[in-house]
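2 protein chains.
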Amino acid sequence: MSLIIVGSVAFDTIETPSGRRDRIIGGSGTYAALAASFFVRPGLVSVVGRDFPRSFLAGLRSRNIDLAGLRIKQGKTFFWHGRYDRDPNLRTTVRTELNVLQNFKPVLPDSFRQADLVFLSNLDPESHDFILGQLQAVKLVAMDTIRYWIENKPQALLRAIQKVDILFVNDEECRLMAEELNLVRAGRKLQMAGPKIVVVKKGEHGAMLFGRNFVFGVVANPCERVVDPTGAGDAFAGAFLGYLDSVGRFNRKELKKAAVYGNLVASLVIEDFGVEGLLRASQLEIINRYRQFRKLCTF
Amino acid sequence: MSLIIVGSVAFDTIETPSGRRDRIIGGSGTYAALAASFFVRPGLVSVVGRDFPRSFLAGLRSRNIDLAGLRIKQGKTFFWHGRYDRDPNLRTTVRTELNVLQNFKPVLPDSFRQADLVFLSNLDPESHDFILGQLQAVKLVAMDTIRYWIENKPQALLRAIQKVDILFVNDEECRLMAEELNLVRAGRKLQMAGPKIVVVKKGEHGAMLFGRNFVFGVVANPCERVVDPTGAGDAFAGAFLGYLDSVGRFNRKELKKAAVYGNLVASLVIEDFGVEGLLRASQLEIINRYRQFRKLCTF
């Protein structure tokens with residue numbers, strides 16, 4: 004057991020210009036774990052309701068995800084309904100039902116407490132200490148966040164980012180958190196505020212990585228058909244951390260490659276609804292995309 | 004004489020959150036020629052009024068620009084007044100005075116008619132044939148355009164792009180011209196419509212290059228202080244073409260490097276008002292930036 008991911012497993016209803024899907028499987032934990040599973044066997048810590056299909060849990064297990072940390076609770080699974088505009092960067096939340104996610108205390112099974120890497124995905128920043136306190140040998144702590152926590156618990160969030168090694172944010176969150184419009188300055192400012200590494204995900208424009216004494220930039224994998232952007236950021240982080248876990252080194256060279264893999268796995272996600280793109284892809288496809296992509300941006 | 008640039012030389016008044024400059028030297032031809040002059044001795048075809056400072060013309064000459072194609076006409080120099088918002092991508096034109104640029108017929112001096120490369124910068128697409136008809140040995144024709152021509156002469160523009168090898172557009176123009184929101188599809192669509200190469204400039208997000216059977220993506224040089232974005236796109240194209248002219252080959256490898264140089268020289272421009280950044284930089288600085296940038300995006 005090396006990488007564990009604490010995040011949501013959900014039902015999503017998604018409307019995009021390409022169509023609509025009702026109550027498909029989603030959640031930040033699901034996307035991150037599936038993305039990481041191309042590289043390692045991640046452990047997932049989450050909660051679902053009794054309405055969650057057992058067949059999908061079997062599917063996650065068969066994809067090399069350890070579900071020892073997944074609780075099935077009386078009640079309904081977390082539900083999110085989102086709508087995308089013609090511009091895939093514009094997203095409206097139609098409805099959120101926390102359901103069993105409300106008051107969820109992520110207690111880790113014993114087998115997860117020796118994890119080397121942990122990803123705290125979109126959690127209440129005040130819950131981080133409770134999780135980190137259960138880990139006995141953690142080497143690398145990563146987190147991401149959402150607009151809700153930036154706006155509603157800014158102080159707790161600032162304390163939380165001081166305790167992590169890697170902070171994932173998207174460009175909008177980065178500007179908002181840093182209170183700075185210039186993305187390069189904003190990324191650097193967040194990096195100075197605590198995390199060793201800040202990874203800024205820029206959607207169709209790729210990603211930037213700010214380290215203590217280096218910056219790395221990578222374009223997005225060109226995508227001609229954005230069907231559903233849901234989960235792309237979570238998959239980015241999952242693949243990033245899965246790759247790092249697989250190589251066991253966190254140096255500059257591997258961090259850069261991790262960002263490229265994050266990028267490529269995210270591009271799989273947006274080409275189809277929900278987790279379809281992730282479920283369909285093989286490790287071989289990731290390797291092929293990596294090779295293609297290298298050509299695309301080498302000069 | 005190899006690369007000639009047909010474009011405007013202007014007085015610009017510029018307001019940005021960093022300050023205001025009144026009647027400084029600008030114009031697409033000026034930016035493109037200065038940028039190209041890091042690599043070759045470009046010829047500039049343009050027109051100014053009698054109010055244009057001779058000292059600046061001497062300055063251009065000393066920067067290795069051939070002004071045999073620059074006419075000084077009775078009247079006032081083209082004037083543009085623009086204002087940038089806190090977001091440097093949002094620009095308002097406060098005022099435009101065409102002045103001597105109105106009814107300007109770009110007649111090339113004999114010494115320019117053997118040019119190998121020509122850059123038609125923001126010109127009325129209906130004037131292209133007149134210029135191209137004067138060239139006797141041209142190997143590569145490049146153009147860019149502005150929103151005004153896309154909206155007011157779309158048919159002439161479509162005919163014009165069929166006769167060029169390289170089309171430079173920014174992301175907004177690309178989407179508008181292709182009537183397609185997805186930038187990858189839009190770029191490819193324009194490329195299918197005629198030009199061998201479409202170069203999409205994405206400002207702070209870098210650039211994409213669409214060739215017949217390849218795509219190239221490059222991030223922007225991270226810039227922590229955007230002072231004035233005016234002319235960055237023109238400088239991009241000028242450096243791109245100047246580099247190509249200097250190597251004399253137009254293959255995939257050199258096109259990619261040309262885009263990187265375009266990127267880097269554009270980053271010089273935005274760090275200061277007007278052409279200040281270009282005037283201050285040396286060839287050595289370009290070489291250093293190239294080396295640094297390579298590290299930044301190699302994985």
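Chains as they are written, first to last, in my numbering: chain U, 4 to 302; chain R, 4 to 302.
Where a beta carbon is used, it is the ideal one built from N, C-alpha and C, also for glycine.
* To do: Decide if the stretch 182-198 of chain U is in contact with the stretch 229-239 of chain U; the criterion is three or more beta carbon pairs, one per stretch, under 8 Å apart.
  => no
* Sequence-distant residues of the same chain with beta carbon closer than 7 Å to asparagine 102 of chain U, five excluded per side -> Translated into the one-based positions of the first sequence, residue 102 of chain U becomes position 99. The residues are Gly52, Gly78, Lys79, Thr80, Phe81, Phe82.
* **Proximity of alanine 242 of chain R and alanine 38 of chain R at Cβ, strictly below 8 Å** => By 1-based counting over the second sequence, the position of residue 242 of chain R is 239. By 1-based counting over the second sequence, the position of residue 38 of chain R is 35. Cβ distance < 8 Å, so alanine 242 of chain R and alanine 38 of chain R count as in contact.
* Closest Cβ-Cβ distance between glutamate 310 of chain R and chain U: below 8 Å? -> Within the shown structure, residues of chain R are numbered from 4 to 302, placing residue 310 of chain R beyond reach of any answer.
* Would you say arginine 89 of chain U faces chain R, with C-beta separation under 8 Å as the test? -> Here the question's residue 89 of chain U lines up with position 86 in the first sequence. Yes - at least one Cβ of chain R is within 8 Å of the one on arginine 89 of chain U.
* Asked: When the cut-off is 8 Å and only beta carbons count, does glycine 209 of chain R lie next to chain U?
  -> Translated into positions along the second sequence, residue 209 of chain R becomes position 206. Taking Cβ atoms only, chain U reaches closer than 8 Å to glycine 209 of chain R, which makes this a yes.
* Using a Cβ-Cβ cut-off of less than 9 Å, list which residues of the stretch 128-146 of chain R approach chain U; keep chain order. => none
* To do: Identify which residue in R/Leu184, R/Asp147, R/Ser49 has its Cα closest to the Cα of aspartate 237 of chain R.
  => Residue numbering aside, residue 237 of chain R sits at position 234 when the second sequence is read from its first letter. Considering only alpha carbons, the answer is R/Asp147.
* **Under 8 Å between C-beta atoms of serine 312 of chain U and asparagine 106 of chain U** => Past the boundaries of the shown model lies residue 312 of chain U; chain U is included only from 4 to 302, so the question cannot be answered.
* Residues sharing a beta bridge with aspartate 113 of chain R, DSSP -> For the purposes of this step, residue 113 of chain R is identified with residue 110 of the second sequence, where counting begins at 1. Answer is none; aspartate 113 of chain R lacks a bridge partner.
* **Nearest-angstrom Cβ-Cβ length linking glycine 85 of chain U and valine 222 of chain R, presumed shorter than 8 Å** => The sequence position of residue 85 of chain U within the first sequence is 82, counting from 1. The sequence position of residue 222 of chain R within the second sequence is 219, counting from 1. Glycine 85 of chain U to valine 222 of chain R, Cβ: 29 Å. No contact.
* To do: Run down chain U in chain order and give the residues with a C-beta less than 9 Å from the C-beta of leucine 184 of chain R.
  => On the second sequence, position 181 is the one that residue 184 of chain R refers to. Arg89, Asp90, Pro91, listed in chain order.
* When the cut-off is 8 Å and only beta carbons count, does glycine 72 of chain U lie next to chain R? -> Against the first sequence, residue 72 of chain U aligns to sequence position 69. With 8 Å as the cut-off, glycine 72 of chain U does not count as an interface residue toward chain R.
* Beta-bridge pairing of aspartate 147 of chain R - partner residues as DSSP gives them -> Taking the second sequence and counting its residues from 1, one reaches residue 147 of chain R at position 144. Paired residues: R/Ser124, R/Phe171.
* Test: lysine 260 of chain U CB closer than 8 Å to a CB of chain R -> Here residue 260 of chain U refers to the residue found at position 257 of the first sequence. Interface residue, yes.
* Would you verify that the beta carbon of proline 198 of chain R is, or is not, closer than 8 Å to some beta carbon of chain U? => Translated into positions along the second sequence, residue 198 of chain R becomes position 195. Taking Cβ atoms only, chain U never reaches closer than 8 Å to proline 198 of chain R, which makes this a no.
* Asked: What's the call for glycine 22 of chain U, buried or exposed, on a 16-neighbour Cβ count within 10 Å?
  -> Counting from one through the first sequence, the residue named residue 22 of chain U turns up at place 19. By the neighbour-count rule (16 or more Cβ atoms within 10 Å), glycine 22 of chain U is not buried but exposed.
* Asked: Does valine 230 of chain U have its Cβ less than 8 Å from a Cβ in chain R?
  -> Walking along the first sequence from the start, residue 230 of chain U turns up at place 227. So, not an interface residue.
* **Beta-carbon contacts of isoleucine 273 of chain U that lie in its chain and below 8 Å, excluding the five residues immediately before and after** => Locating residue 273 of chain U in the first sequence gives position 270, counting from the first residue. Contacts found: Pro91, Cys226, Val229, Val230, Asp231, Pro232, Ala235, Gly280.
* N-terminal and C-terminal residue of the alpha helix (DSSP H) that arginine 53 of chain U is part of -> The count along the first sequence starts at 1 and reaches residue 53 of chain U at position 50. Per DSSP, arginine 53 of chain U belongs to no alpha helix (DSSP H) and is neither H nor E.
* Got a sec: does the ligand COA put a non-hydrogen atom nearer than 7 Å to the Cβ of methionine 211 of chain U? -> Only the bare structure without any ligand can be found here, which leaves the ligand COA out of the picture.
* Would you kindly report the start and end of the unbroken alpha helix (DSSP H) that includes phenylalanine 239 of chain U? => Here residue 239 of chain U corresponds to residue number 236 of the first sequence, with the count starting at 1. If you look at phenylalanine 239 of chain U, you'll find it in the alpha helix (DSSP H) that goes 235-250.
* Could you give the C-beta distance for leucine 104 of chain R and valine 50 of chain R, rounded to a whole number, given that I count them as a contact under 8 Å? -> Along the second sequence, read from residue 1 onward, the residue named residue 104 of chain R stands at position 101. Along the second sequence, read from residue 1 onward, the residue named residue 50 of chain R stands at position 47. Correct: roughly 6 Å between the Cβ atoms.
* Asked: What's the call for proline 45 of chain R, buried or exposed, on a 16-neighbour Cβ count within 10 Å?
  -> Your numbering for residue 45 of chain R matches position 42 in the second sequence. Buried, since its Cβ has 16 or more Cβ neighbours within 10 Å.
* To do: Could you check which residue in U/Pro128, U/Lys76, U/Asp275 has the C-alpha nearest to that of arginine 162 of chain U?
  => One-based indexing of the first sequence puts residue 162 of chain U at position 159. Checked all of U/Pro128, U/Lys76, U/Asp275; the closest Cα to arginine 162 of chain U is U/Pro128.
* Alpha carbon to alpha carbon, what distance is there between glycine 62 of chain U and isoleucine 17 of chain U? -> Here residue 17 of chain U refers to the residue found at position 14 of the first sequence. Here residue 62 of chain U refers to the residue found at position 59 of the first sequence. Distance between the alpha carbons of isoleucine 17 of chain U and glycine 62 of chain U: 21 Å.
* To do: Specify whether the stretch 171-179 of chain R and the stretch 173-189 of chain U touch according to this definition: at least 3 beta carbon pairs, one from each stretch, less than 8 Å apart.
  => no
* What are the boundary residues of the beta strand (DSSP E) that glutamate 257 of chain R is part of? -> Start at 1 with the first residue of the second sequence, and residue 257 of chain R comes out as number 254. First-last for glutamate 257 of chain R: 255-273, but that is the alpha helix (DSSP H), not the beta strand (DSSP E).
* Would you list the residues sitting across from isoleucine 200 of chain U in a DSSP beta bridge? => Sequence index remark: in the first sequence, residue 200 of chain U carries index 197 (1-based). Per DSSP, U/Ile169.
* Using a Cβ cut-off of 8 Å (strictly closer), state whether leucine 299 of chain U contacts chain R. => Position 296 of the first sequence, counted from the first residue, corresponds to residue 299 of chain U. Taking Cβ atoms only, chain R reaches closer than 8 Å to leucine 299 of chain U, which makes this a yes.
* Asked: Below 8 Å, can you find three or more Cβ-Cβ pairs linking the stretch 244-258 of chain R to the stretch 54-61 of chain R?
  -> no
* Asked: Which partner residues does tryptophan 83 of chain U have in the DSSP bridge list?
  -> Along the first sequence, one-based indexing puts residue 83 of chain U at 80. Under DSSP, tryptophan 83 of chain U forms a beta bridge with U/Asp15, U/Thr99.
* To do: Please classify arginine 44 of chain R: does DSSP put it in a helix, a strand, or coil?
  => The sequence position of residue 44 of chain R within the second sequence is 41, counting from 1. In the structure shown, arginine 44 of chain R sits in coil (DSSP, three-state: anything other than H, G, I, E or B).
* **Status (buried if at least 16 other CB within 10 Å, exposed otherwise) for arginine 89 of chain R** => Within the second sequence, residue 89 of chain R is the residue found at index 86, counting from 1. Exposed.
* How would you list, in chain order, the residues of chain U whose beta-carbon sits under 7 Å from the beta-carbon of glycine 220 of chain R? -> What you label residue 220 of chain R is simply residue 217 of the second sequence in a count that begins at 1. Result: Val222, Pro225, Leu299, Cys300.
* **Same chain, Cβ closer than 7 Å to arginine 74 of chain U, neighbours up to 5 away in sequence not counted** => As a working mapping, residue 74 of chain U is identified with position 71 in the first sequence. Same-chain partners within the cutoff: Val50.
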